[in-house]
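Asker: Going down the list, the sequences are from chains A and B.
Numbering-wise (our numbering), the first sequence opens with residue 1274 and increments by one.
Numbering-wise (our numbering), the second sequence opens with residue 360 and increments by one.
Input: one structure, supplied below.
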Amino acid sequence: MTTSPAPGDTEVGLVVDRVSKSFGGIRALHEVSMTVPKGQRRVLLGPNGAGKSVLFSIIGGQQPPTGGRILAFGRDITRLPRRRRAALGLARTFQLNSLFPRLSVEENLFLGVQALDRGSRSLLRPASTHRRLVERTDELLREWRLDDRRGAVVEELSYGEQRQIEMVLALAGRPRLLLLDEPTSGLTKSETDEVVAFLGSLGREITVLLVEHDMDVADRLAEWITVLSLGEVVADGPPGVVRADPRVREVYLGVSAERSEGRDA
Amino acid sequence: MIGSVPLRRAALGVLVAAALLVAGRAVDDFQLRLLTEALIFGLFAMSLDLLLGYTGLPSLGHAAYFGTAAYTTGVIAAEATSGFWLPAAAGVGASVLLALLFGLVALRTRGVYFLMITLALGQLTVGLALRNRSLTGGADGLAGVPRPDLGVGWNLWPTQNFYYFTLAVVAVAALVLWLVVRSPFGVALRGIRDNEARMDALGYHVWLRRYVAFVLAGGFAGVAGVLFVYHNAFVSPDALGLATSAEVLLMVILGGAGTLFGPLLGAGVLVTLNYTISSFAERWVLFLGAVYVLTVLVARRGLWRAVPVWARGTRSMLAGVVTIARARTGRGAR
Ligand SMILES: Nc1ncnc2c1ncn2[C@@H]1O[C@H](COP(=O)(O)OP(=O)(O)O)[C@@H](O)[C@H]1O
Ligand SMILES: [Mg+2]
């Protein structure tokens, strides 16, 4: 494996340390390790069923690992409650949109904004009078050009718009570690370009770990690529090195080529 | 704006409040008693809406908190003091304590299991009321609860005075509930209703917010229970049981879950119907079933949300009539 920072390093954003996960007899992850330095844009590649989403659930705390540890910013979070992870600055999106379908766009973002704010405990003061929360919500609406959609009920938006909100919701609380599970899946070419441009413009105070199927998107964003196959890391390195790795060509690129042909058809 | 109210809705609210104020002087004693009861059940239904409509928790045992307050206040008022504050505070306090306790059990479940466990817990309180005869009067109920003495020289025995007293209490309670659903906490409750998992991932303490909502709902049901026992001068185990819980649930659904004021309307409709057709009392449950089916068929999202739609429909119908009439007179003139 290529050299990357060691666990315990203060410059480290995320450490996955020999994480395993089994569902009954099915082994979804086997001793997966990776180290993501602070501020890096890391892409997690791998064919369907490789275990990428399961790894995200373990980092996010939605599922416990069968073995191994997770460290965020040098702190062991393996058994930390999910809301404590969020408070540490960890935010994630889901492969399938997970929004508040009956609430408006504005209310969806407001929920993202107030999640880590003490103002969310306020019981008798109208939400609209919490200036800090309202201003941040407005800022997000402007930034993502959702201004004219603010009153629209989310379940009535297009898929592309919903996919976008899925990501804005995670960004609303200004996370330090952002996990994005296939953020561009199902998006049109121009919507994908927008997401790529936005991720490119994110500040270095945010560490990004991103699952991506589209090799082209991965190429444009990744500073480092980790390839997962059948629950194991098969490659880990800069994009050029990983691309040239024959094992990667075998387990991923072959499948990917087939898939993108299938998609074009 | 987050949680802002459409102007027309607000205007409607002001209109209803004015009508309720005038009603105290305009209608006879029988109708006033009916209106008092509608307000009491309206508050009871609003408290349940906080659970069902806002938090997504369908309770079939909400009468437990209503009835517990009614019994507690009733026993103290009948046995110990003619004052208001002690029995009332004890009544609401008892509901809050019960909700603090039952919430720990009920909130371990969701959906239909929540429905079943709240039902079971509610029936448990019925059993307790039946058993503790010496305190509650058992199946005969607790009779002879006197109207309280507020200690401010306002006699609550006359129907009209008690009506205004009830209106004041319900108005204040409704205002507080309205502030709660518009607060960041209220937005969070709706978030939990829509998608618990995402709220959790965003960093919310979902369980704690549900628990607070559960206890608040129990407490406001308790306020309604206190009014109920003073209004009725009597409380029986029925007030704790499934029939009452189902009825208040229907009030919420009929009025519109998640609208807060809709359930007040739903309560008004059901209380009025109950009085009008009380001659066939044994068919009441059958009748409630019919109302439920009709609601689901005609106004699935409740009367409150249907009102603007009907208003629009009526207006366009009127406009149509006017157009036709004009066309006719035009033709006639020619
Ligand atoms: N809750 C679960 N129960 C059983 N098996 C699961 C569960 N979640 C995921 N798996 C299995 O784990 C493997 C990895 O899934 P996943 O992480 O979703 O793959 P992907 O890399 O496409 O995101 C798959 O074989 C999947 O069927
Ligand atoms: Mg996946």
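Ideal placement from N, C-alpha and C gives every residue a C-beta, glycine not left out.
Is it true that the CB of L374/B sits closer than 8 Å to the CB of Y430/B?
Answerer: No, they are not a contact pair.
Asker: Mind checking the segment 1460-1487 of chain A against chain B and listing, in chain order, the residues whose C-beta falls within less than 9 Å of any C-beta there?
Answerer: Listed in sequence order: no entries.
Asker: Report the residue from S1502/A, L1494/A, E1505/A and V1506/A whose alpha carbon sits nearest the alpha carbon of G1513/A.
Answerer: Among S1502/A, L1494/A, E1505/A and V1506/A, the Cα nearest to that of G1513/A belongs to L1494/A.
Asker: What whole-angstrom Cβ distance do L411/B and S418/B have, given they're in contact under 8 Å?
Answerer: Right, their Cβ atoms sit about 7 Å apart.
Asker: Once the 5 residues before and after V449/B are set aside, which same chain residues still bring their CB inside 8 Å of it?
Answerer: A small fix is needed here, since residue 449/B is Ala in this sequence, not Val. The answer, listed in chain order, is T431, T432 and I435.
Asker: Roughly how many angstroms lie between the CA atoms of L536/B and R549/B, to the nearest whole one?
Answerer: Going by the C-alpha atoms only, they are around 14 Å apart.
Asker: With a threshold of 7 Å, establish whether the CB of S1463/A neighbours any heavy atom of ligand 1.
Answerer: Result no, Cβ not under 7 Å from ligand 1.
Asker: Using the beta-carbon of each residue, which ones in chain B are nearer than 8 Å to Q1387/A?
Answerer: The answer, in chain order, is P543, V546 and A547.
Asker: Using only CA atoms, which one of V1500/A, E1505/A and G1504/A lies nearest to R1516/A?
Answerer: Taking only the C-alpha atoms, the option nearest R1516/A is V1500/A.
Asker: Report the three-state DSSP secondary structure of W1417/A (helix, strand or coil).
Answerer: Coil, per DSSP.
Asker: Count the C-beta pairs between the segment 1353-1368 of chain A and the segment 1325-1345 of chain A that are closer than 8 Å, then say yes if the count reaches three, no if not.
Answerer: Yes, since at least three Cβ pairs between the segment 1353-1368 of chain A and the segment 1325-1345 of chain A fall closer than 8 Å, the two stretches touch.
Asker: Give a yes or no on whether 8 Å exceeds the smallest Cβ distance from R557/B to chain A.
Answerer: Yes, its Cβ sits closer than 8 Å to a Cβ of chain A.
Asker: Does T1492/A come out as helix, strand or coil in the three-state DSSP assignment?
Answerer: Here residue 1492/A turns out to be Asp, not Thr, going by the sequence shown. Here D1492/A sits in helix by DSSP.
Asker: Would you mind reading off the limits of the beta strand (DSSP E) that contains G1312/A?
Answerer: Per DSSP, G1312/A belongs to no beta strand (DSSP E) and is neither H nor E.
Asker: Measuring straight from C-alpha to C-alpha, what distance separates E1284/A and F1346/A?
Answerer: Near 8 Å, if we compare the C-alpha coordinates of F1346/A and E1284/A.
Asker: Can you tell which of A439/B, A580/B, V539/B and T495/B has its C-alpha closest to the C-alpha of T618/B?
Answerer: For T618/B, the nearest C-alpha among the options comes from V539/B.
Asker: Helix, strand or coil for G1286/A? Go by DSSP, reduced to three states.
Answerer: Here G1286/A sits in strand by DSSP.
Asker: Going along the chain, which residues of the segment 510-541 of chain B sit with their C-beta nearer than 8 Å to a C-beta in chain A?
Answerer: Here the close residues are V535, L538, V539 and R541.
Asker: So which residues on chain B does S1458/A lean against when the C-beta distance must stay under 7 Å?
Answerer: None at all; the shortest Cβ gap to chain B is about 18 Å.
Asker: Between the Cα of L1544/A and the Cα atoms of M1440/A, P1320/A and L1397/A, which residue gives the shortest distance?
Answerer: With chain A running from 1274 to 1538 in the structure shown, residue 1544/A is simply not present.
Asker: Less than 8 Å between CB atoms is the rule here; does L561/B satisfy it with respect to chain A?
Answerer: Closer than 8 Å: yes.
Asker: Let me check you understand the geometry: is the CB of I399/B closer than 7 Å to at least one non-hydrogen atom of ligand 1?
Answerer: No, since every heavy atom of ligand 1 falls outside the 7 Å radius drawn around the Cβ of I399/B.
Asker: Can you find a heavy atom of ligand 1 that lies under 7 Å from the Cβ of A498/B?
Answerer: No; taking the cut-off as 7 Å, the Cβ of A498/B has no heavy atom of ligand 1 nearer than that.
Asker: I want to verify the contact list: residues of chain A whose CB lies under 7 Å from the CB of D553/B, in sequence order.
Answerer: Neighbours of D553/B on chain A, chain order: F1373, P1374, R1375 and L1376.
Asker: Would you mind giving the Cβ-Cβ distance between A385/B and T631/B, rounded to the nearest angstrom? I have them listed as a contact below 8 Å.
Answerer: About 16 Å; that fails the 8 Å criterion.
Asker: Are at least three pairs of beta-carbons, each pair with one atom in the segment 592-608 of chain B and one in the segment 439-448 of chain B, less than 8 Å apart?
Answerer: Verdict: no, contact absent.
Asker: Quick one: using the 10 Å Cβ neighbour count with 16 as the cut-off for buried, is L608/B buried or exposed?
Answerer: It is buried - the Cβ of L608/B has at least 16 other Cβ atoms within 10 Å.
Asker: For a minimum of 3 consecutive residues, which ranges assigned as the beta strand (DSSP E) are wholly contained in the segment 396-469 of chain B?
Answerer: Runs of the beta strand (DSSP E) inside the segment 396-469 of chain B: none found.
Asker: Is the shortest distance between the beta-carbon of G691/B and the beta-carbons of chain A less than 8 Å?
Answerer: Note that G691/B scores 41 on pLDDT, short of 50, meaning its location in the model is unreliable; the coordinates nonetheless yield the value given after this. Cβ-Cβ to chain A under 8 Å: no for G691/B.
Asker: Give the residues of chain B in contact with R1395/A, contact being defined as C-beta atoms less than 9 Å apart.
Answerer: The residue asked about is misnamed: residue 1395/A is Ser in this sequence, not Arg. Near S1395/A (Cβ distances below 9 Å), the residues of chain B are S542, P543 and F544.
Asker: Would you call the CB atoms of G562/B and L1475/A closer than 8 Å?
Answerer: Cβ atoms of G562/B and L1475/A: not closer than 8 Å.
Asker: Can you list, in chain order, the residues of its chain with a C-beta nearer than 8 Å to that of R1348/A? Leave out the 5 residues immediately preceding and following it.
Answerer: Contacts found: L1361.
Asker: May I have the straight-line CA-CA distance separating E1408/A from V650/B, to the nearest angstrom?
Answerer: Going by the C-alpha atoms only, they are around 45 Å apart.
Asker: Closest by CA to T477/B, which one among T495/B, H421/B and R664/B?
Answerer: Measuring from the Cα of T477/B, the nearest candidate turns out to be H421/B.
Asker: Going along the segment 1442-1454 of chain A in order, which residues come within less than 9 Å of chain C, judged by CB to CB distance?
Answerer: No chain C appears in this structure, whose protein chains are A and B.
Asker: Would you kindly work out how many angstroms separate the C-alpha atoms of R664/B and A428/B, rounded to a whole number?
Answerer: About 31 Å.
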